[in-house]
Amino acid sequence: MTTAAPEIHRPPWPAVLAVTTGLFVGLTVLRAWDITATFLLQDDQIRYWDTALRPFSEQPLVGPRTHYGGYALGPLFYWVLWFFRVTFGPFVDNLPHAGAFGQILLASAADVLLLLAVWRRARSLPLALGTVLLLATAPFDLALNATIWNPIMAAIAIKAATALILLGWGERSLVHVGVVAALAWSSVHANLPAIFAVGGIFVGIVLPPLVVRDMRAAGRRVAAIAGVVVALQLPYLAHRLWVDPSQGGVGAVTTSLGQVLTGEEPLRWGESASWLTESLDRILIDPWQASWIGWLVAACALFVTVRYRKDIPLLAVTVVPLLGALLGYTLWTRDLDHYYYLSLMPAAGLILQSTVSGLTRGRTATVAGVAVLVLAVAILPARVRQSTTFHRMPGYDGLVAGSRQILRQEVDVRQIRADFLPPHSNSEFIYLVLGGRLDREGRWIASIDAEGLVSYQQVSVP
2 MTTAAPEIHR
12 PPWPAVLAVT
22 TGLFVGLTVL
32 RAWDITATFL
42 LQDDQIRYWD
52 TALRPFSEQP
62 LVGPRTHYGG
72 YALGPLFYWV
82 LWFFRVTFGP
92 FVDNLPHAGA
102 FGQILLASAA
112 DVLLLLAVWR
122 RARSLPLALG
132 TVLLLATAPF
142 DLALNATIWN
152 PIMAAIAIKA
162 ATALILLGWG
172 ERSLVHVGVV
182 AALAWSSVHA
192 NLPAIFAVGG
202 IFVGIVLPPL
212 VVRDMRAAGR
222 RVAAIAGVVV
232 ALQLPYLAHR
242 LWVDPSQGGV
252 GAVTTSLGQV
262 LTGEEPLRWG
272 ESASWLTESL
282 DRILIDPWQA
292 SWIGWLVAAC
302 ALFVTVRYRK
312 DIPLLAVTVV
322 PLLGALLGYT
332 LWTRDLDHYY
342 YLSLMPAAGL
352 ILQSTVSGLT
362 RGRTATVAGV
372 AVLVLAVAIL
382 PARVRQSTTF
392 HRMPGYDGLV
402 AGSRQILRQE
412 VDVRQIRADF
422 LPPHSNSEFI
432 YLVLGGRLDR
442 EGRWIASIDA
452 EGLVSYQQVS
462 VP
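So the sequence shown is residues 2 to 463, counted in this note's numbering.
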């Protein structure tokens, strides 16, 4: 026997269809707005899309390289990106923003799932809609969803798996459990820091039957999770058999653990707490500053733990991931960054939402839900404006237009320059994607300006 799942409110289907369609379309338009003009094309995006342009038989068996060495634990990020290229690429000449559009559709679908989960549990559409909007329209999220980036893909998978746990999938058949486990584990194929949220999701699946001492049910769920994880790791294992074993994927993790456990490095409590607080501020609160957000989330997490102590799935996808990250990063001896915490933002948002739900009843709950929704809508314009100030590349459309012009004019160029591009971009990549060829012995250098106009400079050929 397992613990009974909390009663779930089931809104009428016409209302569900109208609200979810509106949310999906609205967030998709918001995220994709101006993507063809300002798509961020830098080292990571160029490397990922160059890989996606290859046949599936040439796709990697491991995940993206990390800045601290090694690579993520599986290839699903690359495989999904390849699928976007095959699906959406033909409509835009295989240009890289096709991958971003696919990523945006996934993100909006995950937000719809989260809306349904919160709506059914909180029994409040305004509160659910306000919560999802506050998470989905964070400037950090809006800006990065409009490009190709593996931490965003990991955060999308975690958001979807979190929603399914709240919808009770962890308490259903082993097929449901397998789907949730696959979604969760796919996140570490994209970005290893998602492991803390993955741990919470697995706890939400396995712990409920353990609490009521149903060892058989717990064992079956553990077996289902293990089977999914092993299956998803087969490409990684194959890769490790074919390459030098020294190219380990998690070498930095084991090194950090070893340094702390042997006493070579101290536990980094202060750094861990500070980065968690700063990331909550940077990702959720931006463009405003709220140094107290860490204390607020901590207080709310304590309240949620006490108020919903019998609701293990909820605690597993809210409090457990944040606590796991706080403890886990004390063992990390390398530098931290805000994007490490992207996969934890759903947990933080749900803690705040659950606090509102736990403190209000009846008419007060209705007023609180409406207030959250009004707040989310009121600050939306400022957040959208902020999202256009970073992780964008004005002039992407000019680079595309200029590259097309060079192709039309059939000039044999040896080099393409675009001085308006930021560092770490590549002025020739779009031209090559469109089918152009560079003649390094040619007589012409092409220069593209930000408006897409092209001029040529003749060089002497020995």
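Glycine residues also receive a C-beta, built at the ideal position from the N, C-alpha and C atoms.
Cβ neighbour criterion (16 or more within 10 Å) applied to residue i
i	result
residue 5	Here residue 5 scores only 46 on pLDDT, less than 50, and its place in the model should not be relied on; the value that follows carries that caveat. Classification of residue 5: exposed, given that the 10 Å Cβ count is below 16.
residue 68	exposed
residue 24	buried
residue 394	buried
residue 188	buried
residue 312	buried
residue 341	buried
residue 2	With a pLDDT of only 42 at residue 2, under the threshold of 50, the placement of this residue in the model should not be trusted; the figure read from the coordinates follows. So residue 2 counts as exposed.
residue 176	exposed
residue 123	buried
residue 287	buried
residue 193	buried
residue 305	buried
residue 398	buried
residue 263	exposed
residue 239	exposed
residue 237	buried
residue 423	exposed
residue 355	buried
residue 333	buried
residue 182	buried
Where the alpha helix (DSSP H) through residue i begins and ends
i	result
residue 434	430-434
residue 49	44-53
residue 104	98-123
residue 273	270-281
residue 58	Taken as a continuous stretch (DSSP letters only), residue 58 belongs to no alpha helix (DSSP H), as it is neither H nor E.
residue 187	175-191
residue 234	216-243
residue 308	294-308
residue 14	14-33
residue 157	151-167
residue 133	126-137
residue 195	Element bounds for residue 195: n/a, residue is neither H nor E.
residue 144	140-146
residue 291	Note, residue 291: premise wrong, no alpha helix (DSSP H); not H, not E.
Best match in the options for proximity to residue i [C-alpha to C-alpha]
i	options	result
residue 196	312, 123, 74	74
residue 155	61, 452, 186	186
residue 284	143, 434, 112	143
residue 136	461, 460, 84, 381	381
residue 460	440, 451, 222	440
residue 400	87, 12, 39, 33	39
residue 325	293, 268, 231, 345	345
residue 426	48, 91, 37, 107	48
residue 44	148, 133, 63	148
residue 79	71, 60, 95	60
residue 428	294, 405, 152	405
residue 91	363, 434, 453, 457	434
residue 464	411, 366, 458	Past the boundaries of the shown model lies residue 464; the chain is included only from 2 to 463, so the question cannot be answered.
residue 328	72, 293, 261	261
residue 64	235, 106, 432, 309	235
residue 410	151, 294, 438, 230	438
residue 256	454, 360, 71	71
Range of the contiguous beta strand (DSSP E) that encloses residue i
i	result
residue 455	455-459
residue 313	Where residue 313 is concerned, there is no enclosing beta strand (DSSP E), although the alpha helix (DSSP H) it sits in stretches over 313-329.
residue 286	No beta strand (DSSP E) contains residue 286, which DSSP labels as neither H nor E.
residue 86	No beta strand (DSSP E) contains residue 86, which is instead part of the alpha helix (DSSP H) from 77-89.
residue 38	Per DSSP, residue 38 belongs to no beta strand (DSSP E); it is in the alpha helix (DSSP H), 36-39.
residue 415	414-418
residue 551	Since the displayed the chain opens at 2 and closes at 463, residue 551 lies outside it and no answer follows.
Okay, do the stretch 16-26 and the stretch 361-374 touch, 3+ Cβ pairs below 8 Å being the bar?
no
Ignoring anything shorter than 4 residues, give me the alpha helix (DSSP H) runs that lie fully in the stretch 349-407, in order along the chain.
363-379, 381-388
Under 8 Å, with one C-beta from each stretch per pair, do the stretch 344-362 and the stretch 317-333 reach the 3-pair mark?
yes
Three or more C-beta pairs closer than 8 Å, one from the stretch 124-138 and one from the stretch 375-391: is that the case here?
yes
Is there contact here, the stretch 403-417 with the stretch 443-453, by at least three beta-carbon pairs under 8 Å?
yes
Does the structure place the stretch 160-169 close enough to the stretch 111-125 that three or more beta carbon pairs sit under 8 Å?
yes
Is the stretch 205-215 touching the stretch 171-184, taking contact as three or more C-beta pairs under 8 Å?
yes
Does the pairing of the stretch 52-63 with the stretch 79-91 give three or more beta-carbon distances under 8 Å?
yes
Under 8 Å, with one C-beta from each stretch per pair, do the stretch 26-45 and the stretch 97-104 reach the 3-pair mark?
yes
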